[in-house]
Amino acid sequence: MRPLLAWTLAAAAALAAAPTAPPVPPHSNCPRLTGIWYGDNRARLQQVIDERGTCSGAGGHPVAVFDWDNTVTKNDVTDATLSWVLRHDRLLRPARWKDTSPWLTDAADRALTEACGTGTPEPLRTSANARCTDEILDIRENATTASGAPAFAGTWNHRRTVPQYAWVPQLFAGRTPADLASYAREARTEALAAPIGATRTLGTHTVPAYVRYYDQQRDLIRTLRRAGFDVYIVSAGSEPITEVWSRAIGIDPAHTIAIRSLLDRRGRITPSNQGCGNVPATRGTAIPYIDGKRCWINQEIYGVHGAAAWQRQPWPRRPVLAAGDADTDVTFVGDATGAHLVLNRNKPELMCRAYDNADGRWLINPMFIDPLPRRPDPYPCSTKAHNASDGAKDALLRDDGFVVPDQADTVY
Numbered sequence: 026m027r028p029l030l031a032w033t034l035a036a037a038a039a040l041a042a043a044p045t046a047p048p049v050p051p052h053s054n055c056p057r058l059t060g061i062w063y064g065d066n067r068a069r070l071q072q073v074i075d076e077r078g079t080c081s082g083a084g085g086h087p088v089a090v091f092d093w094d095n096t097v098t099k100n101d102v103t104d105a106t107l108s109w110v111l112r113h114d115r116l117l118r119p120a121r122w123k124d125t126s127p128w129l130t131d132a133a134d135r136a137l138t139e140a141c142g143t144g145t146p147e148p149l150r151t152s153a154n155a156r157c158t159d160e161i162l163d164i165r166e167n168a169t170t171a172s173g174a175p176a177f178a179g180t181w182n183h184r185r186t187v188p189q190y191a192w193v194p195q196l197f198a199g200r201t202p203a204d205l206a207s208y209a210r211e212a213r214t215e216a217l218a219a220p221i222g223a224t225r226t227l228g229t230h231t232v233p234a235y236v237r238y239y240d241q242q243r244d245l246i247r248t249l250r251r252a253g254f255d256v257y258i259v260s261a262g263s264e265p266i267t268e269v270w271s272r273a274i275g276i277d278p279a280h281t282i283a284i285r286s287l288l289d290r291r292g293r294i295t296p297s298n299q300g301c302g303n304v305p306a307t308r309g310t311a312i313p314y315i316d317g318k319r320c321w322i323n324q325e326i327y328g329v330h331g332a333a334a335w336q337r338q339p340w341p342r343r344p345v346l347a348a349g350d351a352d353t354d355v356t357f358v359g360d361a362t363g364a365h366l367v368l369n370r371n372k373p374e375l376m377c378r379a380y381d382n383a384d385g386r387w388l389i390n391p392m393f394i395d396p397l398p399r400r401p402d403p404y405p406c407s408t409k410a411h412n413a414s415d416g417a418k419d420a421l422l423r424d425d426g427f428v429v430p431d432q433a434d435t436v437y
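Numbered per this note's numbering, the sequence shown spans residues 26 to 437.
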């Protein structure tokens, strides 16, 4: 039996036996979740919606925040756009590759220059230049050149940025946000039309050719909004790209937060991006990544500025529900006061937090499309699950300072 079918049947059986959300008064118009979730996740999410949304009668506008890639969609929409762009020669050649990132190494600069060239900002012919495409993809995917040399070096806060994530918007320097949105729309149409599981060859790489919205997440977002929640997206992708995809499920640009590139006087994208908290505009120092996602949520949703934006806020200034799939989401998902929803992609820091379940509010769900098999070994929570700011991997601590014990993977 295929893993997805097996999980679907098991989830359906579990839902039949799962406790339901608390009953609501018959006169109230409480929106209800639908669809199949793992175990009692749907019932527990419904309980949060009923207790904190309009059905509670508490008033106000509770907040829910979702990561985008591999949380709301299966597969990465920025990567889908980059794939389309590379196949349609839409990147402009930089005068110097070193200008694209403050951390780009000499080895990466040489590799990109030899493969792709430098000079006037004319379109790169990546559709016919597999070597250039390979160098760009290896740096994006692995932070190495095609020969395996490190592509980035220097000092950065590893809980506030990762150079290869910041680098993708920087590749679009010289284009406009409208250009980038048009590429994203083309890529979206193509990726939604491709069959689930489809791949393509890009350079010499095999990459996903499809993207899908998760039906359960679309329904959850729709139900939250009907219940009076303000729903936001926070992503480490490029903002014009993420906006194209989020708009299609009713989330407008004002509620979509991602990497925001600065524009030049003619409205063209530059290698710099907006800063957060007490970090000014830079070439990638503070993006929505791990602790950076908390900062951007605090700043853009709750109006917290300066150094305080990096800190956990009091209970009323935190999301009720937060959802993510990777270590880049662990801080803001952990800040939620009602439910921490995690899609299991075997990412150690996030899964250690989720399985430790310190406050009893963590909900783990397999991916809704092509879920991963069970991780055979326990997550190394007690030794190397935590992503330290200097790039080291060390023990993960609870809020009380005790070490999180290693955790078995049981939801798959």
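Every residue, glycine too, gets a C-beta built ideally from N, C-alpha and C.
Remember, it's a predicted structure, so these values are computed and weren't measured experimentally.
| Asked | Found |
| --- | --- |
| Considering only C-alpha positions, which residue in the set D101, Y314, I74 is nearest to G84? | I74 |
| Quick one: any contact between the segment 305-316 and the segment 353-366, if contact means 3 or more CB pairs under 8 Å? | yes |
| Is the separation between the beta-carbon of D352 and that of N412 shorter than 8 Å? | yes |
| For the beta strand (DSSP E) containing T231, list its first residue and its last residue. | 230-233 |
| So, are the CB atoms of A311 and T180 less than 8 Å apart? | no |
| In angstroms with no decimal places, state the Cα-to-Cα distance between H330 and A218. | 42 Å |
| From D289 to P119, what distance separates their C-alpha atoms? | 15 Å |
| Between the Cα of T98 and those of F427, P305, D395, C406, spot the shortest distance and give me the residue it belongs to. | D395 |
| Give me whichever residues DSSP pairs with P391 in a beta bridge. | N369 |
| Going by the DSSP bridge assignment, what does S458 pair with across the sheet? | Nothing in the structure corresponds to residue 458, since the chain is present only between 26 and 437. |
| Looking at C-alpha atoms only, which residue of W387, N167, L116 is the closest neighbour of H230? | N167 |
| Which parts of the segment 169-225 are runs of the alpha helix (DSSP H), unbroken and 4 residues or longer, counting only runs that do not cross its ends? | 188-196, 202-218 |
| Per DSSP, T408 forms a beta bridge with which residues? | Beta-bridge pairing links T408 to no other residue. |
| What ranges does the alpha helix (DSSP H) occupy inside the segment 88-137, keeping only unbroken runs of at least 4 residues that lie completely in it? | 102-112 |
| Could you tell me the distance, in whole angstroms, from the CA atom of C80 to the CA atom of A252? | 7 Å |
| Whose C-beta lies closer than 8 Å to the C-beta of A155 among residues of the same chain, with five residues either side of it excluded? | G228, T229 |
| Note down, in chain order, each residue of its chain lying with its Cβ closer than 8 Å to the Cβ of T138, except the 5 sequence neighbours on either side. | W122 |
| Tell me which residues share the same chain as P278 and place their Cβ nearer than 6 Å to its Cβ, disregarding the 5 neighbours each side in the sequence. | E268 |
| Could you check how far apart the C-beta atoms of R13 and M392 are, in whole angstroms? I think they sit under 8 Å. | The structure shown does not extend to residue 13, since the chain is modelled only from 26 through 437, so no value can be given for it. |
| By alpha-carbon positions, which one of A306, Y404, T59, I161 ends up nearest to S108? | I161 |
| Where does I221 land, buried or exposed, given buried means 16+ other C-beta within 10 angstroms? | exposed |
| Secondary structure at L227, three-state DSSP: helix, strand or coil? | strand |
| For G317, which of helix, strand or coil comes out of DSSP? | helix |
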